[in-house]
Amino acid sequence: MPDHAAADGLRFAVLGPVLAWRDGVELDLGTPLQRSILAMLLLREGHAVTPDEMIDAVWGGDAPPRALGALRTYVSRLRTVLEPDRSPRTPPRLLTSVGRGYALRLDPARFDLAVFERECAAAESDRRTGRAGEAARRLRGALRLWAGEPLAGAVGPYAEHQRDRLAERRMSAVETLMELDLELGRHAEIVSELVALAAEHPLRERLRAQLMLAYYRCGRQAEALSVFTETRQALVEELGIEPGAELADLHRRILAADPSLAPTPPPVRLSPQDVHDDAATAETGPSIEMPRPAQLPAAVPDFTGRTGLVQRLLALLRGEGAGEGVPIAAMSGIGGVGKTTLAVHVAHLADDLFPDGQLYADLRGYGAEPTAPETALVAFLRALGIPMDVIPDGLAERSALFRSLLADRRMLVLLDNARDAEQVEHLLPGSAGCAAIITSRGKLADLPAARLIDLDVMEPEEALSLLSAVAGPERVAAERAAAMDVVAACGFLPLAVRIVAARLASRPSWTVASLVPRLADERRRLDEMKIGNLAVSATFALGYGQLDARQARAFRLLSLPAGSGISVFAAAAVLDLTPAEAEDVIESLVDASLLEAPAPGRYRFHDLLKLFARRQAEDAEEPVARALALRRLLGFYLASAGAAHRLAYEGSAIADNLTGLGVRGHSFSSADEAVAWLSAESEDMFGAVAQAAVAQAAVVQDESGEDLLAAADLLLAMEPLLESGTNQRDFEQRTSALLTATRGAGERRGELRCRYVLGRVLFGANRLAEAETHFLAARTLGEETGDRIVLGETCNALAVVAGRRRRHTEALEWFDRATAVHRETGNPAGEALASCYSARDHLGLGRPDDAIAAAERGLAVFSEIGSGAGVARARYHLGNVLSYVGRLNEAVVHHAECLAFFRASNQRVWEQRVCYRLAATFIAAGRFAEAARHAEQALTVSREITHPYGEAQSLAALGKALAGLGETGRGRQALVKALDIFTRLGSPEADDIRTLLREQVET
C-alpha cells in the first residue's frame, strides 16, 4: 500500500477503501453514501455529474423520496471536509458546481487511480520500444498502489459496477506483468504467484495459459498439461463452452514440445527505492491563573455529530490561522439548526484555553425586544467585578472599559442569537488572548475579521444518532429503516429531530414506524413537530416576523414552485419583478437564513422552512394570486425552453409551434449555452410540469386546459435533454402523469405531445414495443388535431422504431409519410432528418447506393440551412453507410467530425453511438487497438448514462477488437456479457452474437 502519510496536500484513493488524506492525515469522509458520492466524482475525472446521475448511482431504483436533499447535504459536507477553511461566500475550488451538477477538480498526480493508469500507459510505451524490464518495473510499482478490493466502503449500483470494472482493470495489468516476466525469463520466480492467481480466477484463460507456460519452462510438463485439463473442465461445467483458441494452441504446442516455448534470458534486477520519514513539532503556550466568571449555559449531554466543525472551531479559538487579531467565529443558519447548542458545546470543550473565564449573553436578536449592547455591557462589567456606580453611561465608554479589562486576560465571549453586526461590534474583546463566538440567523458579513461559518443541517447518520440518543438506542436500532425515514422527514434539522425523538420517548406504545405516516403528510408535518414549549413553526415564525412586506411576499410566493430550487430569472417571473429587483429581495432572505444560495444565481429553501412558507402563502395570498405566480413560472420555463430548443435543433419547426402564456423567457447566445441551461433547470421544469398535472393552477377555471397544453409543450421543448441520457426517469414519470391529466381533461393537443415525448423516452430505453404504441396513438392524434408539425416528427419516429426492429420496408414507408408532411409544412430540416435516418433501412434492403444518396442529401440540406446539430447527425449516418461499403477512411473522417460536436454539446447518447461506430469501422480496417479504445469509450459512456442497449453494442465491438488483438479470452468474456444484455432486452442482435461465439469455438 502506498505511504500517503508521507505526502503533502490532498490525496485520494479508490484502489482499495475510498480514502483521502491532507498532509498525510486521513480525512473523515463520513458515511458510506457520502464516500460513494466522492468516489463517483473522482472516477468521473473532473467531468460534471448531475444530481440524477448521483441518485441513480448511489440508490438505484430504491431512492428515498428526499434523496435530492440528502445528496446536497452530502455534497455540502464533502466541501467542508475538502476545504475546511473556505469562507461561505467563496466558491469552492475543488468540488465545484457545474450547471445543476457537480465536478471535482483534482490534480491527477494526487489520485491513485490516475497514477495507476499513467504508469500502466508508460509501461505499455516501454514495452513497445523494447524495454521490457522497465515496463515490468513500472507495472509492479503501479500494482503496489492497490490496497484490497477497489471502492471498499462505497455502496450503490454505480460503485458495484465500477468495482467490477476496476477489478478487471487490475487483473488485465497483472496478466500483462506476468507476460512480461515470462518474456524476461522469470518463470521460476512467478510460478507460485501464478498458481495463486489462477486459483482465484479459474475461468481466466490468459492466466491459465501463463501458468501452463511457466510450468513448462520450469520442466514441469505434466503439471502444465494438468492445468489445461482443469481449465477445460471448469469452462464446460460453468459456461458450457470449450477453451479458446489461444489456450488450445498452447496445449498442442506443449504436447509437441515446441522449441519456440523455450525460456528467454534472465531479467535485469530492479533498483531499490528510498523511504523518507517526516518529523513533527509541537508548540505549547503559556497559561495564566486568574479569577474567572463562568457564565456558559449547561452543555447538552446528548450532543451528537459535527465532529469536523467542532475541531475547526477549536483550532480557530486556539488562534490557528487568526494572525495577530482576536479569533471570532460568526455562525449563522436557519432557526433550529443547532447554532447555540454547537457554540455552547465548543465553548465548554475550550475551557482550558481560556483560564480567565467565559462571558455569555443572549442578545434576543429575533425577539420582540432585542438586548441593547449597552445592557449587555453592564452585565459583562458587573461579572468582571466593576461596581454599578462606577460603570460609565455611554456605549463607547462602556465598550472601552470592557476591552481594557480583557486586555491582559484570556477569556471567551459567547454572544448568542445576535441580530446584526451593529448589535455585537461593541461587545467584542480587543486583545489577541481572547476569542469570541457569535450565533445569528443572519450572516454577519459586515463584521470585520470574523470567520463566517454557515451552519448546515446534520448529516443523515448524525441525525439518526441524535434520534437514538433522545428516543432510546434500542428502539431506533430495531427499526433503522423507519428511523431514517423519520429523520429525512425532519430535513435533518436538529430541532425537528429532537422534538420528534422527545415525542417518541414520551410515548412508549408508539413505534418508530408509526411516526412515518404522520410525518409523510406535508400539510400536517409541522404540526407533528412540537412538544411542550418547543415547536419548529414557532422558531421559523421568529425569523419571518422580522421581514418587511416585500420580503414576506417573496418568502411566501417562492415556496409555491415544486422544484427543489429556483434561479433568479425564474424567481423574477414568480414575483413579477425584474431580475435585478428579484435578486435584491432574494439576497436579503439569504442574509436572514430564510433561503439558501447553493450556487451563484440559484436559491432553495430548507424542506421544513418551505412547508412553513407555503402555509403562510395559503393564509396571506389569495388563491388566484398563487395560481398566477405558478402560471408566470410555467410561462417563463416554456418561453426559455422553446428558445433553447430552437438553438439546439436549428431548422426544427417544433419551437415555432409551441403555445405561449405571455411571459418572456431567457435568451441564449449559443446552442451549448442553451442546452446547459436546460440541464441546469431541468429539475425545476419537471416540477412545474408535475404541478400542472395535478391542476395546481386550476383555480382560474377557464384557462386550466391551457396550462396542461403549456406543460406538454414544455416537455416537448425540453427534448434536447433526451440526447444527454441523464433525465430518462424524470421524463417518463412526469410525461406519464401529464398524459393521464391531459386525457382526463380532454386536451387532445396536450395528449399528442405527451405521447410523442413518452415514445421518445421509451425508445431511448430500447422498450420498442411500448414506444411504438405511443407513437401510433400520437399519429392518430396528429391527424385528428391537424398538428402537422408534431405529426411529421411522429411519422419519422415510427420509421426509426421499425428500422431498429429490422422491418426495413415498413420503415421506408413511414419515412415517405414523414417527408410528405414535412414538405407540406415547409420544414426542410424534417425532410433532411428523414432522409438521413432512412439510409440504414436502404442498407438493410441491400441498396447501398440509395443509402449513400439519402445520407448525402440530408447532409446537404442541413449544411445549407446552417444546422450544426443536423450536420452532425447527417455525418453520423453517412459515416455508417460509408463504413458498410468499405470506404473506411471517409467513414472515420465523418464520425470524428460529429463526435467532436456531440462531446462539446454533452450529447452522451450520440457520443456512445459514434464511438461504437468508430470501433466497428476500425475493426473492419484491421486496426484493432484503435477499435478497442473506441469500444471502451462507448462502453464507459453507455454505463454512465445507464444505456443497456448501448452497453451491449459496445461490449460486442470490444469483444471483436480484443479477438483481433489476440486476446481471445477477454474478447469472449465481452461477447458473453453482450449476449446476456441483448437477450434480456429481446434484441435481434442476440442471434448475431450467438453465431459469432459458435464460430470462435469451431475455429
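Numbering (this note's numbering), first residue to last: -5 to 997.
Even glycine gets a Cβ: it sits at the ideal position worked out from N, Cα and C.
Between the Cα of residue i and the Cα atoms of the options, which residue gives the shortest distance?
| i | options | result |
| --- | --- | --- |
| R38 | L827, R609, L100, P144 | L100 |
| S70 | P442, D450, L399, L174 | D450 |
| Q417 | G359, L65, E113 | G359 |
| L775 | V855, L746, R801 | L746 |
| N821 | D843, I783, R392, G351 | I783 |
| V481 | S503, E456, T819, W671 | E456 |
| W381 | G388, V372, L389 | Going by the sequence as given, residue 381 is Pro instead of Trp. Checked all of G388, V372, L389; the closest Cα to P381 is V372. |
| E930 | G838, V908, G852 | V908 |
| T433 | T934, A415, P442, P287 | A415 |
| S877 | A919, E858, F895 | A919 |
| Q994 | D843, V52, S981, G953 | G953 |
| A1011 | I846, V879, S899, Y831 | Examination of residue 1011 is not possible in this model, given that the chain is present from -5 through 997 alone. |
| T90 | T44, W53, A161 | T44 |
| D79 | A323, A51, G95, A33 | A323 |
| S500 | D613, R469, L703, L672 | R469 |
Output yes or no for whether 7 Å exceeds the beta carbon distance between residue i and residue j.
| i | j | result |
| --- | --- | --- |
| V657 | A642 | no |
| G636 | S861 | no |
| Q901 | G944 | no |
| A885 | T915 | yes |
| A567 | L627 | yes |
| P423 | V320 | yes |
| E850 | R869 | no |
| L145 | V12 | yes |
| G63 | D601 | yes |
| I580 | A593 | no |
| G797 | V815 | no |
| D1046 | A465 | Since the first residue of the chain shown is -5 and the last is 997, residue 1046 is not available in this structure. |
Under the assumption that residue i contacts residue j (Cβ atoms under 8 Å), give the Cβ distance between them as a whole number of angstroms.
| i | j | result |
| --- | --- | --- |
| R66 | E77 | Wrong, their Cβ atoms sit about 17 Å apart, outside the cutoff. |
| A556 | G681 | 3 Å |
| A1053 | A731 | Limits of the chain in this structure are -5 at one end and 997 at the other, which puts residue 1053 out of reach. |
| Q289 | A377 | 6 Å |
| R435 | G537 | 5 Å |
| I493 | I525 | 5 Å |
| L174 | L137 | Wrong, their Cβ atoms sit about 12 Å apart, outside the cutoff. |
| N874 | R911 | 6 Å |
| G852 | H802 | The Cβ separation is near 17 Å, so there is no contact. |
| H245 | R211 | About 15 Å separates the two Cβ atoms, so there is no contact after all. |
| T720 | E47 | 6 Å |
| V221 | L205 | 5 Å |
| R247 | P237 | Not confirmed; about 14 Å, so no contact. |
At what residues does the beta strand (DSSP E) containing residue i begin and finish?
| i | result |
| --- | --- |
| S434 | 429 to 434 |
| M325 | 322 to 326 |
| I859 | Unbroken run through I859 is the alpha helix (DSSP H), 842 to 859; no beta strand (DSSP E). |
| L65 | L65 -> not in any beta strand (DSSP E); alpha helix (DSSP H) instead, spanning 61 to 76. |
| S91 | 89 to 92 |
| F6 | 4 to 7 |
| W15 | 13 to 16 |
| D296 | D296 -> no beta strand (DSSP E), and no H or E assigned at all. |
| Q352 | 352 to 356 |
Over the uninterrupted alpha helix (DSSP H) stretch that includes residue i, give me the two end residues.
| i | result |
| --- | --- |
| P367 | 367 to 377 |
| W808 | 802 to 818 |
| N651 | From DSSP, N651 is part of no alpha helix (DSSP H); its letter is neither H nor E. |
| V221 | 215 to 233 |
| L969 | 962 to 979 |
| A591 | Segment 590 to 593 is the beta strand (DSSP E) holding A591; no alpha helix (DSSP H) there. |
| D402 | First-last for D402: undefined, no H or E at that position. |
| I248 | 239 to 249 |
| A686 | 665 to 687 |
| A623 | 617 to 642 |
| Can you give, in chain order, each stretch of the beta strand (DSSP E) that sits fully within the region 153 to 199 and has at least 3 residues? | none
| Whole runs of the alpha helix (DSSP H) within the region 459 to 496, excluding any shorter than 4 residues | 467 to 472, 474 to 483
| In chain order, which continuous runs of the beta strand (DSSP E) of length 3 or greater are located wholly inside the region 893 to 921? | none
| Ordered list of alpha helix (DSSP H) runs contained in the region 726 to 792, each at least 4 residues | 742 to 758, 762 to 779
| message | So within the region 573 to 615, which uninterrupted alpha helix (DSSP H) runs reach at least 4 residues, ignoring any that extend past its ends? | response | 573 to 585, 601 to 614
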